[in-house]
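My numbering puts the first residue of the sequence shown at 9, with every later residue one more than the last.
I have placed the structure first, in the form of structure tokens, so that the comments after it can refer back to it.
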Amino acid sequence: MNFQWYPGHMTKAKRMMQEDIKLIDLVIELVDARLPLSSRNPDIDTLGKGKARLILLNKSDLADEKANILWTEYFKGKGFYVLEVNSKSGAGIKKVNAVIQEACREKIERDRKRGILNRPVRAMVVGIPNVGKSTFINSYAKKACTKTGNKPGVTKGKQWIKLSKTLELLDTPGILWPKFEDQNVGLRLALAGSINDDILNITELALELIKILNSDYEDLLQTRYNIETSIDSMETLTEIAKARLCVVKGNKLDLDKAAKILIDDFRNGKLGRITLELPEAENKDDNEGKI
Ligand code: G4P
Numbered sequence: 009m010n011f012q013w014y015p016g017h018m019t020k021a022k023r024m025m026q027e028d029i030k031l032i033d034l035v036i037e038l039v040d041a042r043l044p045l046s047s048r049n050p051d052i053d054t055l056g057k058g059k060a061r062l063i064l065l066n067k068s069d070l071a072d073e074k075a076n077i078l079w080t081e082y083f084k085g086k087g088f089y090v091l092e093v094n095s096k097s098g099a100g101i102k103k104v105n106a107v108i109q110e111a112c113r114e115k116i117e118r119d120r121k122r123g124i125l126n127r128p129v130r131a132m133v134v135g136i137p138n139v140g141k142s143t144f145i146n147s148y149a150k151k152a153c154t155k156t157g158n159k160p161g162v163t164k165g166k167q168w169i170k171l172s173k174t175l176e177l178l179d180t181p182g183i184l185w186p187k188f189e190d191q192n193v194g195l196r197l198a199l200a201g202s203i204n205d206d207i208l209n210i211t212e213l214a215l216e217l218i219k220i221l222n223s224d225y226e227d228l229l230q231t232r233y234n235i236e237t238s239i240d241s242m243e244t245l246t247e248i249a250k251a252r253l254c255v256v257k258g259n260k261l262d263l264d265k266a267a268k269i270l271i272d273d274f275r276n277g278k279l280g281r282i283t284l285e286l287p288e289a290e291n292k293d294d295n296e297g298k299i
């Protein structure tokens, strides 16, 4: 399978990011907790140089709880502030404010020394498409949502959501372009639904998911579909098709339909909490111990 992100999109996204990042103190970067490295673009580290950094492991409700802890430690080890959140339900969102104050303590201190008091921290949400940026902004800004409008000279054309006396959020999130150099990264993004399904072969995708589940989450397929699984992914998909009565004319099994059911069940968390990559595995792939 081949995954694409068009160079035109990337250039535009990068240009906008470079402009917006000049206006802010803090980058709030959302990653998908099920695939924290595959769903981030490390170019943000260069773009966000000198800014305070907070990584949110979003969709943590869909990811393996133990893996969430490992990823939190991993990113903390890299010097980021980190929180697990579920932007859909709002779980974990309450902790964000305190962590932002902590992440920006140096900046607030610097301001104070220069005699600048009460200048709010300016933040911006960034992440690849579909990672949950809008959902997070809505959930976070739910109560304190006042648009402050344009501020001549400083924020021309930009809308800020004033969240409190001490925090303003740029209302449009920054879109990071996914990095597809490694086909496994593309595969994980496709599984998570970050790539348009129209260009994907869903059956192939389902077979890859079955392979991953067979090695890391053995029981989940048996439990969900009440089937015997096999090391042959096609056989397992056939069993799912039988269990879910996926048939087409002539009583033939409809594997595409079964594949779609499986992928939807994974994306909605109905198979269980699943993480597609772990920090150690990534280091092994890379062989140089760096991300
Ligand atoms: P974006 O701005 O980064 O492109 O992403 P957006 O907020 O549109 O979210 C993409 C999808 O991810 C939405 O689902 C949203 O509900 C879901 N989502 C966001 N955060 C979380 C989370 O923490 N947990 C879970 N489980 N889902 C999350 P959708 O299918 O497009 O819409 P809907 O079914 O919610 O209506």
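Think of the CB as a built atom: it goes at the ideal place given N, C-alpha and C, for glycine as much as any other residue.
Everything numeric in this text was worked out from a predicted model, so none of it was measured.
query: CB contact flag (A71, R281, <8 Å); result: yes
query: Residues surrounding the ligand G4P [beta-carbon distance to nearest heavy atom under 6 Å]; result: N66, K67, D69, L70, N94, S95, K96, G135, P137, N138, V139, G140, K141, S142 and T143
query: Boundaries (first-last residue) of the beta strand (DSSP E) holding L178; result: L175 to L178
query: Close beta carbons around S241, own chain, < 6 Å, minus the five adjacent residues each side; result: L215, I218 and K219
query: Contact set for K103: own chain, Cβ-Cβ below 6 Å, skip 5 residues either direction; result: L91
query: Of the listed residues E226, R48 and I169, nearest to N138 (C-alpha basis); result: R48
query: Residue closest to V133, alpha-carbon to alpha-carbon, out of R120, K86 and L184; result: L184
query: Which residues DSSP lists as bridging K59, in chain order; result: Note: K59 sits in no beta bridge, so no partner.
query: Unbroken alpha helix (DSSP H) run spanning D227, endpoints; result: E226 to Y233
query: Which of helix, strand or coil DSSP assigns to L78; result: helix
query: Three-pair Cβ contact test at 8 Å for the stretch 171 to 178 versus the stretch 115 to 131; result: yes
query: Beta-carbon proximity of G135 to L38, cut-off 8 Å; result: yes
query: Among T246, S223, L229 and N192, nearest to A277 - alpha-carbon criterion; result: Per the sequence presented here, residue 277 reads as Gly, with Ala not at that position. Among T246, S223, L229 and N192, the Cα nearest to that of G277 is on L229.
query: Three-state secondary structure assigned by DSSP to L91; result: strand
query: Spatially closest choice to D119 from D33, E176 and Y148, by CA coordinates; result: D33
query: N- and C-terminal bounds of the beta strand (DSSP E) containing I36; result: L34 to D40
query: Other residues of its chain near Y14: CB distance less than 6 Å, five sequence neighbours each side excluded; result: none
query: Euclidean distance between Cα positions of S142 and E176; result: 16 Å
query: Integer Cβ distance of I145 from P181, believed to fall under 8 Å; result: 6 Å
query: Assigned secondary structure, M18 (DSSP; H/G/I helix, E/B strand, else coil); result: helix
query: Cα-Cα separation, K57 to Y89; result: 15 Å
query: Cα-Cα separation between I108 and N66, rounded to whole angstroms; result: 16 Å
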